[in-house]
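Q: First, the structure itself, so that you have it in front of you.
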Amino acid sequence: GESVGLHLPTLSVQEGDNSIINCAYSNSASDYFIWYKQESGKGPQFIIDIRSNMDKRQGQRVTVLLNKTVKHLSLQIAATQPGDSAVYFCAENIAGTYKYIFGTGTRLKVLA
Amino acid sequence: GAVVSQHPSWVICKSGTSVKIECRSLDFQATTMFWYRQFPKQSLMLMATSNEGSKATYEQGVEKDKFLINHASLTLSTLTVTSAHPEDSSFYICSARVGAGVIVEQFFGPGTRLTVL
């Protein structure tokens, strides 16, 4: 399930199940979106990106969905594995700038 | 390709001292680099944009005299935390923008953990 509190929101999923991580972005002028995975003590690792002229993009075991109407981004991970346990951040790039704005992050816990 | 390194990976210093963190693009030239700060269980917050050969652009609320940024070459940007205090303890991450024009992709370094005693 999903919980929100003083810490990062946490999503716990059973190994082998699919995971869906959600993100609400802030700026309607953003034209490029990225999902990052961050393991403890490490820098962000690129997972997948999508431009605003698309609503879906698939990678290996991952899919990103973009709903510009409600400014919502999601990351779907198929057949979640223990190695997927990490914190996941979405980031948006506002058109005309080169700066990224990061979302608050979601911790994914994969249960054996 | 597009590897970004940071040095040191961690540093412990006494309050009042200055600490320099290096960010290098190893296999590409980066006209623009970015510095982020991340507190425990929080997201990455952009501190400043570093442009090669010009002054850095700081985000609102970031003290430019405390966080000195130098981007002297196309492969190196440095962040110096001057007169560090315990509240400056954080995870500092740099990124480098690949390409030019409309290219906006950034590649991130592994981060530097700063602990100020």
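In order, the protein sequence lines correspond to chains A and B. For the first sequence, the numbering used here begins at 97 and goes up steadily by one. For the second sequence, the numbering used here begins at -1 and goes up steadily by one. By construction, the Cβ of each residue, glycine as well, lies at the ideal position given by its N, Cα and C atoms.
Do F37 (chain B) and A0 (chain B) have their C-beta atoms within less than 9 Å of each other?
A: The residue you call residue 37 (chain B) lines up with position 39 of the second sequence. The residue you call residue 0 (chain B) lines up with position 2 of the second sequence. Not closer than 9 Å, so no.
Q: Let me see if you follow: with CB-CB separation under 9 Å, is S99 (chain A) close to chain B or not?
A: Position 3 of the first sequence, counting from 1, holds the residue named residue 99 (chain A). Residue confidence is low: S99 (chain A) scores 40 on pLDDT, short of 50, so the model does not pin down where it sits. No coordinate-derived value is stated.
Q: Would you mind telling me which residues of chain A sit closer than 8 Å to I91 (chain B), beta carbon to beta carbon, in chain order?
A: Against the second sequence, residue 91 (chain B) aligns to sequence position 93. Within chain A, the residues near I91 (chain B) are G139, P140.
Q: What are the partner residues of L66 (chain B), as DSSP defines its beta bridges?
A: Along the second sequence, read from residue 1 onward, the residue named residue 66 (chain B) stands at position 68. B:T78, per the DSSP bridge assignment.
Q: Between the beta-carbon of I117 (chain A) and the beta-carbon of T202 (chain A), is there less than 9 Å?
A: Locating residue 117 (chain A) in the first sequence gives position 21, where the first residue counts as 1. Locating residue 202 (chain A) in the first sequence gives position 106, where the first residue counts as 1. Cβ atoms of I117 (chain A) and T202 (chain A): closer than 9 Å.
Q: May I ask you to report which of helix, strand or coil DSSP gives D113 (chain A)?
A: Start at 1 with the first residue of the first sequence, and residue 113 (chain A) comes out as number 17. Three-state DSSP puts D113 (chain A) in coil, outside helix and strand.
Q: Report the residue from A:A174, A:D151, A:F185 whose alpha carbon sits nearest the alpha carbon of P105 (chain A).
A: Taking the first sequence and counting its residues from 1, the one referred to as residue 105 (chain A) is at position 9. It is A:F185 whose Cα lies nearest to the Cα of P105 (chain A).
Q: Just the C-alpha distance for N114 (chain A) and L72 (chain B), rounded to the nearest angstrom, thanks.
A: Along the first sequence, one-based indexing puts residue 114 (chain A) at 18. Along the second sequence, one-based indexing puts residue 72 (chain B) at 74. When rounded, the distance between both Cα atoms is 42 Å.
Q: Chain A partners of Q104 (chain B), CB-CB under 7 Å?
A: Numbered from its first residue, the second sequence carries residue 104 (chain B) at position 106. Within chain A, the residues near Q104 (chain B) are Y196.
Q: Anything in the stretch 124 to 137 of chain A with a Cβ closer than 9 Å to a Cβ of chain B? List those residues in chain order, please.
A: D127, Y128, I130, Y132, Q134, G137
Q: Can you name the residues of chain B whose CB is closer than 8 Å to the CB of G155 (chain A)?
A: The residue labelled residue 155 (chain A) in the question sits at position 59 within the first sequence. Result: empty, since nearest Cβ-Cβ is about 15 Å, beyond 8 Å.
Q: Under 9 Å between the Cβ atoms of A191 (chain A) and S148 (chain A)?
A: By 1-based counting over the first sequence, the position of residue 191 (chain A) is 95. By 1-based counting over the first sequence, the position of residue 148 (chain A) is 52. Contact: yes.
Q: Mind pulling the chain B residues with CB within less than 8 Å of N189 (chain A)?
A: Taking the first residue of the first sequence as 1, we reach residue 189 (chain A) at position 93. Ordered by position in chain B, the residues that pass the 8 Å Cβ test against N189 (chain A) are V102.
Q: Whole angstroms are fine: how far does the CA of T47 (chain B) sit from the CA of E98 (chain A)?
A: As a position in the first sequence, residue 98 (chain A) is number 2, starting the count at 1. As a position in the second sequence, residue 47 (chain B) is number 49, starting the count at 1. Only weak support exists for where E98 (chain A) lies, its pLDDT of 45 falling under 50; the coordinates are left without a value.
Q: Counting only Cβ pairs nearer than 7 Å, list the residues of chain B close to L104 (chain A).
A: Here residue 104 (chain A) refers to the residue found at position 8 when the first sequence is read from its first residue. Neighbours of L104 (chain A) on chain B, chain order: K39.
Q: Go through its chain and collect everything with a Cβ distance to C11 (chain B)'s Cβ below 8 Å, but skip five positions before and after it.
A: Position 13 of the second sequence, counted from the first residue, corresponds to residue 11 (chain B). Excluding sequence neighbours, C11 (chain B) sits near V17, A82, L112, T113, V114, L115.
Q: Can you name the residues that DSSP bridges to K18 (chain B)?
A: On the second sequence, residue 18 (chain B) is found 20 positions in, with the first residue counted as 1. Note: K18 (chain B) sits in a beta bridge opposite B:T78.
Q: With distances taken between CB atoms, is the gap from M43 (chain B) to F198 (chain A) smaller than 9 Å?
A: One-based indexing of the second sequence puts residue 43 (chain B) at position 45. One-based indexing of the first sequence puts residue 198 (chain A) at position 102. For M43 (chain B) and F198 (chain A), yes; Cβs fall inside 9 Å.
Q: Spell out the partners DSSP gives E188 (chain A) in its beta bridges.
A: On the first sequence, position 92 is the one that residue 188 (chain A) refers to. BP columns for E188 (chain A) point to A:F129, A:I197.
Q: Since I146 (chain A) and R153 (chain A) are thought to touch, with beta carbons under 8 Å apart, how far apart are those beta carbons, to the nearest angstrom?
A: Translated into the one-based positions of the first sequence, residue 146 (chain A) becomes position 50. Translated into the one-based positions of the first sequence, residue 153 (chain A) becomes position 57. The distance from the Cβ of I146 (chain A) to that of R153 (chain A) is about 5 Å, consistent with a contact at the 8 Å cut-off.
Q: Quick one: what's N163 (chain A) bridged to in DSSP?
A: Locating residue 163 (chain A) in the first sequence gives position 67, where the first residue counts as 1. According to DSSP, N163 (chain A) bridges with A:H168.
Q: In its own chain, which residues sit with a C-beta less than 6 Å from the C-beta of A208 (chain A), not counting the 5 before and 5 after it?
A: In the first sequence, the residue the question calls residue 208 (chain A) occupies position 112. Around A208 (chain A): E111.
Q: Please report how far the alpha carbon of E61 (chain B) lies from the alpha carbon of T80 (chain B), in whole angstroms.
A: As a first step, residue 61 (chain B) is located in the second sequence; it is residue number 63 there, counting from the start. As a first step, residue 80 (chain B) is located in the second sequence; it is residue number 82 there, counting from the start. Cα to Cα, E61 (chain B) sits roughly 10 Å from T80 (chain B).
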